[in-house]
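Chains as they are written, first to last, in this note's numbering: chain A, 23 to 236; chain B, 23 to 236; chain C, 23 to 236; chain D, 23 to 236. Glycine residues also receive a C-beta, built at the ideal position from the N, C-alpha and C atoms. Following: one structure in structure tokens, then a few remarks.
Number of protein chains: 4
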Amino acid sequence: MKHTDVETLFANNLDTANLSDKQRSVLKASLTLFAQKGYENTSTLDIAKLAGVSEGTVFKHFKTKDGLLQAVLKPFLQDIFPRVAGEFVQDLQATQILEFSDFLRFAVRDRIVYAMDNRAEMKIMIQEMVKKPQILEELTTRLGVLLQSAINQLFVSYQDKGELVKWDSMRIVRTICGVIVGYLIPNIIMSDECLDIDATTNEICEFLLHGLQP
Amino acid sequence: MKHTDVETLFANNLDTANLSDKQRSVLKASLTLFAQKGYENTSTLDIAKLAGVSEGTVFKHFKTKDGLLQAVLKPFLQDIFPRVAGEFVQDLQATQILEFSDFLRFAVRDRIVYAMDNRAEMKIMIQEMVKKPQILEELTTRLGVLLQSAINQLFVSYQDKGELVKWDSMRIVRTICGVIVGYLIPNIIMSDECLDIDATTNEICEFLLHGLQP
Amino acid sequence: MKHTDVETLFANNLDTANLSDKQRSVLKASLTLFAQKGYENTSTLDIAKLAGVSEGTVFKHFKTKDGLLQAVLKPFLQDIFPRVAGEFVQDLQATQILEFSDFLRFAVRDRIVYAMDNRAEMKIMIQEMVKKPQILEELTTRLGVLLQSAINQLFVSYQDKGELVKWDSMRIVRTICGVIVGYLIPNIIMSDECLDIDATTNEICEFLLHGLQP
Amino acid sequence: MKHTDVETLFANNLDTANLSDKQRSVLKASLTLFAQKGYENTSTLDIAKLAGVSEGTVFKHFKTKDGLLQAVLKPFLQDIFPRVAGEFVQDLQATQILEFSDFLRFAVRDRIVYAMDNRAEMKIMIQEMVKKPQILEELTTRLGVLLQSAINQLFVSYQDKGELVKWDSMRIVRTICGVIVGYLIPNIIMSDECLDIDATTNEICEFLLHGLQP
DNA sequence: GATGAATGAGCATTCATTCAT
DNA sequence: TATGAATGAATGCTCATTCAT
Numbered sequence: 023m024k025h026t027d028v029e030t031l032f033a034n035n036l037d038t039a040n041l042s043d044k045q046r047s048v049l050k051a052s053l054t055l056f057a058q059k060g061y062e063n064t065s066t067l068d069i070a071k072l073a074g075v076s077e078g079t080v081f082k083h084f085k086t087k088d089g090l091l092q093a094v095l096k097p098f099l100q101d102i103f104p105r106v107a108g109e110f111v112q113d114l115q116a117t118q119i120l121e122f123s124d125f126l127r128f129a130v131r132d133r134i135v136y137a138m139d140n141r142a143e144m145k146i147m148i149q150e151m152v153k154k155p156q157i158l159e160e161l162t163t164r165l166g167v168l169l170q171s172a173i174n175q176l177f178v179s180y181q182d183k184g185e186l187v188k189w190d191s192m193r194i195v196r197t198i199c200g201v202i203v204g205y206l207i208p209n210i211i212m213s214d215e216c217l218d219i220d221a222t223t224n225e226i227c228e229f230l231l232h233g234l235q236p
Numbered sequence: 023m024k025h026t027d028v029e030t031l032f033a034n035n036l037d038t039a040n041l042s043d044k045q046r047s048v049l050k051a052s053l054t055l056f057a058q059k060g061y062e063n064t065s066t067l068d069i070a071k072l073a074g075v076s077e078g079t080v081f082k083h084f085k086t087k088d089g090l091l092q093a094v095l096k097p098f099l100q101d102i103f104p105r106v107a108g109e110f111v112q113d114l115q116a117t118q119i120l121e122f123s124d125f126l127r128f129a130v131r132d133r134i135v136y137a138m139d140n141r142a143e144m145k146i147m148i149q150e151m152v153k154k155p156q157i158l159e160e161l162t163t164r165l166g167v168l169l170q171s172a173i174n175q176l177f178v179s180y181q182d183k184g185e186l187v188k189w190d191s192m193r194i195v196r197t198i199c200g201v202i203v204g205y206l207i208p209n210i211i212m213s214d215e216c217l218d219i220d221a222t223t224n225e226i227c228e229f230l231l232h233g234l235q236p
Numbered sequence: 023m024k025h026t027d028v029e030t031l032f033a034n035n036l037d038t039a040n041l042s043d044k045q046r047s048v049l050k051a052s053l054t055l056f057a058q059k060g061y062e063n064t065s066t067l068d069i070a071k072l073a074g075v076s077e078g079t080v081f082k083h084f085k086t087k088d089g090l091l092q093a094v095l096k097p098f099l100q101d102i103f104p105r106v107a108g109e110f111v112q113d114l115q116a117t118q119i120l121e122f123s124d125f126l127r128f129a130v131r132d133r134i135v136y137a138m139d140n141r142a143e144m145k146i147m148i149q150e151m152v153k154k155p156q157i158l159e160e161l162t163t164r165l166g167v168l169l170q171s172a173i174n175q176l177f178v179s180y181q182d183k184g185e186l187v188k189w190d191s192m193r194i195v196r197t198i199c200g201v202i203v204g205y206l207i208p209n210i211i212m213s214d215e216c217l218d219i220d221a222t223t224n225e226i227c228e229f230l231l232h233g234l235q236p
Numbered sequence: 023m024k025h026t027d028v029e030t031l032f033a034n035n036l037d038t039a040n041l042s043d044k045q046r047s048v049l050k051a052s053l054t055l056f057a058q059k060g061y062e063n064t065s066t067l068d069i070a071k072l073a074g075v076s077e078g079t080v081f082k083h084f085k086t087k088d089g090l091l092q093a094v095l096k097p098f099l100q101d102i103f104p105r106v107a108g109e110f111v112q113d114l115q116a117t118q119i120l121e122f123s124d125f126l127r128f129a130v131r132d133r134i135v136y137a138m139d140n141r142a143e144m145k146i147m148i149q150e151m152v153k154k155p156q157i158l159e160e161l162t163t164r165l166g167v168l169l170q171s172a173i174n175q176l177f178v179s180y181q182d183k184g185e186l187v188k189w190d191s192m193r194i195v196r197t198i199c200g201v202i203v204g205y206l207i208p209n210i211i212m213s214d215e216c217l218d219i220d221a222t223t224n225e226i227c228e229f230l231l232h233g234l235q236p
């Protein structure tokens, strides 16, 4: 139940691709700078300098600056998010014996930790989603499919035990995610470093348990 | 209980300032284009063309492009949002006789309509907030003060009637806002035009009533 | 019967257009450099420097480097060539009283002088024609129409006097032009400065008179 | 009297040089692309891709891109053109028995076919000649020497028979070439595929015979 | 006040060329 | 010998900003 953080997953993802060391460092520099200053305010020269390579190298594999952005986001969309979601689902299923309240507390805490650990990356994603909504669309579809199939039985079992309101499981997921998002977005945007995770978890769970009881 | 939409308020706001017709049209053009393409991807020439003025005029009053952005956001932050919040508070206070559930339904619906009516403007705010978090900070502080003083008595009365959980009123506000934000953000980002307002209101309220009952 | 040379016509043409002094000098610098080094080997910075303006100015009116080339060639294609052709036709018609041999000598000499006076400009045209054949197409059509209507009667009168072979007048024009082109192209390409105009005129005319007699 | 076309000669020429298969394919790719898009608009990467080799290989033998161009043009200038000219001269000499008119018809037709068969290659040569006039100089000198020595006797014999004007043989050659060039250049530039060779030959010869009769 | 020509630093991108493997 | 990643100068082009009229 120990989780790999996104940065490590990202680095691993790079290793599997057929990229040279320099190209890898270009991607890392891009991630850093896009998160720090936003895509539009990061010049390819900035990236080249931080990566310790020439500008030509930046374009050798990624063709365009946008290609670079895609290459930075691709692993998040196509590999890391699903894998993290998968890990999450496995964890959830391993907790079936728990009561719904314990389960919820675990799940919420897990996601909060995950989101706050990767504040920077989340910021890029939010920026890009606002500019290109289809990213959000693809992501929700992708994660939706993944979660629904895995989580359905779990919710049914809680519903059978009378611990969970008998809504459609997607609605429950949406509700939980919505509440978490609503709580965390200010913290992500403000790069709030001193969020009290336990207190936040408690606050969110107390409310969710009320709202989701039958 | 009829609300002025943001665009009209914006135009009115412009009228009160000591700006010439040309300067006004510059601000309007900026609002339109920033919402459409984002701040970074809008050139001052674009603005000048849409406003029907010369490039020089764009800089006459607003000095820099960033000054223009500030001038576009200022009325939202310093005037329109507070005024809309004030209207909203007045409406809420006028409904004191209702039960909490009716009150909540009204409030939620009102905010959803407001947010969806001004999707474009919301998008700029989100973009800018992600880039410059202090905007979010200022806004929350500002609205927080305004709402707290106005809404406190209202919540206490509902709490006395046993219709509302006895949390701190700010926590209740934060919770309600968080849930609404969590629900609406995807629709705002995706400029979703066909949101079923009644269904969404019902879904949110059903959940909130559960979660906020004592 | 005195002819304005292309450079003067070009300058005049510029004066009529609504261009600033700087833009005019950009066009002149472009003409010079394109002729000297060819389009591809001339950078916009080269042009800016020679014109004594900033690079931005180069693009202000002409949008792209290709736009600049078009602006340089346009007056040749749409204004100067036709006007020169018109002048030429008028001159020819004014010489009707002469014998065909005198007429031919005059015409050939006139065109040789014209071509050699504007060697540089001719070089650009040749380069561009090789790259974009439709320029040649447009030019031949344009000049063809102009010459045919004007020259037909003239040739008929010479044919009636038994001084000129009874070919279609377009064929005669094509033949004369072809011979001149065949003779001059080496000199234009090599920017040959010491062409003996009288000797060349004699050589061409002697041959053409033989070939074009009935 | 059947002629090998330039492309085959080119390939043969490559075979004789001590080049590897890869180098040969680099030269072929260069010829193709330079003809298609011009020297300046062809990148060494384009060439490498079409040749199916790496970029490094392109530079292994030819050192620079210009070296590549020289290597492409060298066989034309130093080998193919002279050889073709030689073939042509031999053919001409084999026709001594004919009348001048038959001889001319054959010669003109032969050159037209040759030029039109190799339109693409001609285009490169024209482009390069305009940019670097010394190519034209070298070529004319080279061909001049070759033709003069071979053709002098032939012309004298026709002149003795009273079929050919008693001009210097170089002037006659220049005249014939000039007329052909003047006729064909438009077709080469426009890559005109549907030239009626017989009609053109007739037209040119009819005129040349008039012009070159004593 | 308004204009729009002019600026010049900055940007993404290309490309001939080199060199370690 | 062949490769292709790396280079970095050069290029076409953009854009916020200034200023003379």
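Same chain only: Cβ atoms within 8 Å of residue i, ignoring 5 sequence neighbours per side
| i | result |
| --- | --- |
| L165 of chain C | F103, P104, A107 |
| I157 of chain C | L95, L99, M147, E150, M151 |
| S123 of chain B | E185, C227, L231 |
Residue from the options whose Cα sits closest to the Cα of residue i
| i | options | result |
| --- | --- | --- |
| V201 of chain D | D:A129, D:K44, D:V167 | D:A129 |
| P236 of chain C | C:S213, C:M212, C:F177 | C:F177 |
| F110 of chain D | D:N63, D:D43, D:L169 | D:L169 |
| L95 of chain D | D:Y61, D:T222, D:W189 | D:Y61 |
| C199 of chain B | B:L55, B:D101, B:D132 | B:D132 |
| Q112 of chain A | A:Q92, A:D139, A:A142, A:Q175 | A:Q175 |
| L91 of chain B | B:F122, B:L114, B:L55 | B:L55 |
| H232 of chain A | B:A137, B:K59, B:L186 | B:L186 |
Chain-order list of residues whose beta-carbon lies under 7 Å from that of residue i (same chain, five-residue window excluded)
| i | result |
| --- | --- |
| I226 of chain D | V130, V201, I202, Y205 |
| S42 of chain B | none |
| V195 of chain B | L169, I173 |
| S191 of chain B | Q170, I173, N174, F177 |
| T66 of chain C | E77, V80, K87 |
| I69 of chain D | V48, A51, S52, L55, V80 |
Residue i, enclosing alpha helix (DSSP H) - first and last residue
| i | result |
| --- | --- |
| E77 of chain C | 77-84 |
| K96 of chain C | 87-96 |
| Y136 of chain D | 122-139 |
| L165 of chain D | 155-182 |
| T54 of chain C | 43-59 |
| I210 of chain C | 191-211 |
| G108 of chain B | 103-115 |
| D68 of chain A | 66-73 |
Integer Cβ distance of residue i from residue j, believed to fall under 8 Å
| i | j | result |
| --- | --- | --- |
| K145 of chain B | I210 of chain B | 7 Å |
| M147 of chain C | F98 of chain C | 7 Å |
| L120 of chain D | L230 of chain D | About 15 Å separates the two Cβ atoms, so there is no contact after all. |
| L53 of chain A | M138 of chain A | No, L53 of chain A and M138 of chain A are not in contact; Cβ-Cβ is about 17 Å, not under 8 Å. |
| A142 of chain D | A57 of chain D | 4 Å |
Same chain, Cβ closer than 6 Å to residue i, neighbours up to 5 away in sequence not counted
| i | result |
| --- | --- |
| A73 of chain D | S47, V48, A51 |
Residue environment, residue i, which counts as buried when at least 16 other CB atoms sit within 10 Å
| i | result |
| --- | --- |
| E215 of chain B | exposed |
| G184 of chain A | exposed |
| V167 of chain A | exposed |
| I219 of chain A | exposed |
| G78 of chain B | exposed |
| T163 of chain B | exposed |
| N140 of chain D | buried |
| A116 of chain B | exposed |
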